[in-house]
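Undergrad: Here the protein sequences line up with chains U and Y, keeping their order. Per the numbering used here: the first sequence = residues 35 to 429. Per the numbering used here: the second sequence = residues 307 to 487. Backbone N, C-alpha and C fix where the C-beta goes; we use that ideal spot for every residue, glycine too. The structure's right below; bear with me while I get my questions together.
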Amino acid sequence: MTNKYYEFFCPVKVIAGKAALEHIPYELSGLGAQRPMIITDKGVRAAGLLEPVVAACEESDLEIVCIYDDVPPDSSTGVVRDIAKVYRSEKCDSIIAVGGGSAIDTAKAVNILVSEGGDDISEYAGAGVLKRALKPFFVVPTTAGTGSEVTAVAVIADTEKSVKLPFTSSFLLPNAAIIDPRMTLTLPPHITAATAMDAMTHATEAFTCMAKNPLSDAYATAAVKKISSSLLSVMDNPKDADGRLELAQASTMAGIAFSNSMVGLVHALGHATGAICHLPHGLCMSLYLPYVLEYNLESIRAPLSDLLLYLEGPEAYAATPANRRAEASIAAIRRLRDALYKHCKLPRTLKETGKVDESQLDAIAALALDDGSIMFNPREASLEDAQAILRKAWA
Amino acid sequence: MLARRMQPMAFQARRLYVELMFQVMGNALQAISEIDSTVREEAKSLPEGFLFEMMVMPNGAKLIIEHLGEGRFRYHRGQAPRPVDLSIKFKHIAHAFLVLSFQEKTSVAFANDRMLVDGDISYAIRMTRVLNRLEAFILPRLIAERAIKEYPKNLHLPEKVLNAARIYLKVATQFVETVVA
């Protein structure tokens, strides 16, 4: 008997498509919630993305009790405590996160405090600390990349101790993720490109790393297909609502895939680069993806070959000899990166970012080796391996 | 019928095997930290007094290691002297047996959700590398390849045999000292 074993879990109700926001009042009432709080950031508010959410609720006589719009890009324990205080003083009974990764992670952490009590979120850090369901919680993503709306993880910085606190529990998952194309229509081109490549990396690593399983494979391949077929058309026509919806759905599907089968060395290097050089996460993913696939090639030849079908379509797949399909998949990802560079100058190498110094590569490599994602990479990367990949990604 | 009668004995044998392997690994971790500079280099960044535990949920066998500083470990028999800083928990003794009998690699066990990490994940990754290096030394290559993700390319036979002999000698000495004490 084989030792093969896997787990798959995603209880998030996905509400996607035209007028999806207008389902929020009905869904909240189904959970007995009447006094929601919105957690978001200044950028989302300035972009006018709150109006359709608020209007959708007010039109159904659901009052948004308060809006906290000051979530910083790297949220902290202090911010979580402040928002929880507002939630309690306004007697809210549910949370709607509107935004990207930071707003969503912050809302997850706030939900812990307002459901479990207390003011110190660090008491709940770690895996499996939460033992019961939290308050009703909805997520409206405004980027198409992080997949945070379907992941059971939040990371919050403890600025006093200078550490990042991880929170892991299936109770952090929202009750519903609302995917409405209106929320991503105005994303600038370089953010559209970087976040889509983030989703592409989630799907690719989920499909090629050690914890892959049949269910996450289905989500990962569907996500890769949607991104491959829609990203460049959205870059050409940013107001293409159908294309935007495809990318948003792909992000959620990639999120479901990687939250069940984890990611690998691209993420380990990306997290380290983000920490040292402060590059956006999606950009780091786009930078490292082909180089890590080349490094892992002989361990992932079979799944990477299969991925060509979803990257390039059935004709290209059939026309490529079986023993060249894995290399063709990497070439397809490189072509996509080249096209994005042409569109919006999304960097393809560390040098092109202009924000990384070659002298930082060794520090990035050392930090990447201690990242949790490296555990699921199919090859055991040594310091020398990581340094070699970084040198290739340099220029 | 016979199989049903044998089952309690099989469970008991499995429990004893896991307990014995934890003891061997605990002593061997202490030994390798005394003789291998690569392991000491890995362990150096752990805080002094750092307590690492591997255990079987809910209250099964466990091994507890303390970092004494400078990359050196001490194996604690019995209970931890204070709350541990990092715990890798097997969800069931059957999962611990799969890993400790080299039917499932440690990395595959993580991927298969056989284990939970309670504590700083970066320290867990570091300790996993230490465990991998230990297994590469003390197990025959064919078995080590079943236990770790990739057998180290730069580990050659003379170094492996010499270090394995030193580790086993230290482990045997520690066992004898435990029995005498």
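Tell me, please, which residues DSSP counts as bridged to residue 359 of chain Y.
TA: Partner(s): Y/370 and Y/393.
Undergrad: Is there a Cβ of chain U sitting closer than 8 Å to that of residue 479 of chain Y, yes or no?
TA: It does not: the Cβ of residue 479 of chain Y has no partner Cβ on chain U nearer than 8 Å.
Undergrad: Kindly list, in the order they appear in chain Y, the residues whose Cβ is closer than 7 Å to that of residue 18 of chain U.
TA: Lying before the first or after the last residue shown, residue 18 of chain U is absent from chain U, which here runs from 35 to 429.
Undergrad: What residues in its chain sit with their C-beta under 8 Å from that of residue 267 of chain U, if we drop five residues either side in the sequence?
TA: Around residue 267 of chain U: 274 and 277.
Undergrad: Since residue 413 of chain Y and residue 234 of chain U should fall inside the 8 Å C-beta cutoff, what is the C-beta to C-beta distance between them, to a whole number of angstroms?
TA: Contact flag wrong, Cβ pair sits at about 25 Å.
Undergrad: Which full runs of the alpha helix (DSSP H) of 4+ residues lie inside the segment 93-179 of chain U, going along the chain?
TA: Whole alpha helix (DSSP H) segments, 4+ residues: 111-123 and 135-150.
Undergrad: Using a C-beta to C-beta distance shorter than 9 Å, which residues of chain Y count as neighbours of residue 40 of chain U?
TA: Per Cβ cutoff of 9 Å: 417, 418 and 419.
Undergrad: Anything in chain U within Cβ reach of residue 434 of chain Y, meaning under 9 Å, just list it in chain order.
TA: Those are 409, listed as they occur along chain U.
Undergrad: For the segment 161-188 of chain U, enumerate the residues whose C-beta is nearer than 8 Å to any C-beta of chain Y, in chain order.
TA: Cβ contacts with chain Y come from 161 and 162.
Undergrad: According to DSSP, simplified to helix, strand and coil, what is residue 416 of chain Y?
TA: Correct three-state label for residue 416 of chain Y: helix.
Undergrad: Helix or strand or just coil, what does DSSP make of residue 200 of chain U?
TA: Strand at residue 200 of chain U.
Undergrad: If I measure Cβ to Cβ from residue 476 of chain Y and keep anything under 6 Å in the same chain, skipping five residues before and after, which residues do I get?
TA: Closer than 6 Å at Cβ, skipping near neighbours: 337.
Undergrad: Can you tell which of Y/363, Y/351 and Y/364 has the C-alpha that lies nearest to the C-alpha of residue 377 of chain Y?
TA: The shortest C-alpha separation from residue 377 of chain Y is found at Y/351.
Undergrad: Determine the contact status of residue 397 of chain U and residue 310 of chain U, defining contact as a CB-CB distance below 8 Å.
TA: Contact flag set, yes.
Undergrad: Within 8 Å of any Cβ in chain Y, is that where the Cβ of residue 244 of chain U sits?
TA: Residue 244 of chain U counts as touching chain Y.
Undergrad: Within the 8 Å Cβ cut-off, does residue 419 of chain U reach chain Y?
TA: No, residue 419 of chain U does not count as interfacial toward chain Y.
Undergrad: Please identify, using Cβ separations under 8 Å, the residues of the segment 372-406 of chain U that lie next to chain Y, in order along the chain.
TA: Cβ contacts with chain Y come from 403, 404, 405 and 406.
Undergrad: In chain U, which residues lie less than 8 Å from residue 424 of chain Y when you measure between Cβ atoms?
TA: In chain order: 160, 161 and 162.
Undergrad: Counting C-beta neighbours from all protein chains within 10 Å, is the total for residue 312 of chain U 16 or more, i.e. buried, or is it exposed?
TA: Under this definition residue 312 of chain U is an exposed residue.
Undergrad: Taking C-alpha atoms, which residue in U/138, U/93, U/98 and U/134 lies nearest to residue 114 of chain U?
TA: Nearest of U/138, U/93, U/98 and U/134 to residue 114 of chain U, Cα basis: U/138.
Undergrad: Quickly, what does DSSP pair residue 422 of chain Y with across the bridge? List them, please.
TA: Per DSSP, Y/395.
Undergrad: Note the first and the last residue of the continuous alpha helix (DSSP H) segment covering residue 351 of chain U.
TA: From DSSP, the alpha helix (DSSP H) with residue 351 of chain U extends over 348-353.
Undergrad: DSSP state of residue 413 of chain U, grouped into three classes?
TA: Correct three-state label for residue 413 of chain U: coil.
Undergrad: Taking the beta strand (DSSP E) that residue 380 of chain Y belongs to, which residues open and close that run?
TA: Residue 380 of chain Y -> beta strand (DSSP E) spans 378-382.
Undergrad: Could you check which residue in U/167, U/168, U/203 and U/153 has the C-alpha nearest to that of residue 160 of chain U?
TA: Nearest C-alpha to residue 160 of chain U: U/203.
Undergrad: Of all the options Y/479, Y/405, Y/459 and Y/433, which has the alpha carbon lying nearest to the alpha carbon of residue 453 of chain Y?
TA: The shortest Cα separation from residue 453 of chain Y among Y/479, Y/405, Y/459 and Y/433 belongs to Y/405.
Undergrad: List the endpoints of the continuous beta strand (DSSP E) containing residue 47 of chain U.
TA: 47-50 is the extent of the beta strand (DSSP E) around residue 47 of chain U.
Undergrad: What did DSSP end up calling residue 244 of chain U once you bin it into helix, strand or coil?
TA: Coil at residue 244 of chain U, not helix or strand.
Undergrad: Cβ atoms of residue 341 of chain Y and residue 469 of chain Y: under 8 Å apart, would you say?
TA: Yes.
Undergrad: Taking residue 394 of chain Y as the query, report the chain U residues whose CB atoms sit under 9 Å from its CB, ordered along the chain.
TA: In chain order: nothing, as chain U lies at least about 11 Å away.
Undergrad: What residue from U/170, U/176 and U/186 has the CA that sits closest to residue 163 of chain U's CA?
TA: That would be U/186, whose Cα lies nearest to the Cα of residue 163 of chain U.
Undergrad: Name, please, each residue of chain U whose Cβ falls closer than 8 Å to the Cβ of residue 431 of chain Y.
TA: Under the 8 Å cutoff, chain U gives 403, 404, 405, 406, 408 and 409.
Undergrad: From the DSSP output, which residues share a beta bridge with residue 191 of chain U?
TA: According to DSSP, residue 191 of chain U bridges with U/110 and U/198.
Undergrad: Ordered along the chain, which non-local residues of its own chain (more than five positions away) have a Cβ less than 7 Å from that of residue 385 of chain U?
TA: So the list reads 428 and 429, once near-sequence residues are dropped.
Undergrad: Hey, residue 55 of chain U and residue 153 of chain U: beta-carbon distance below 8 Å or not?
TA: For residue 55 of chain U and residue 153 of chain U, no; Cβs fall outside 8 Å.
Undergrad: So the candidates are U/58, U/248 and U/281; which of them puts its Cα closest to the Cα of residue 66 of chain U?
TA: Minimum Cα distance to residue 66 of chain U is reached at U/58.
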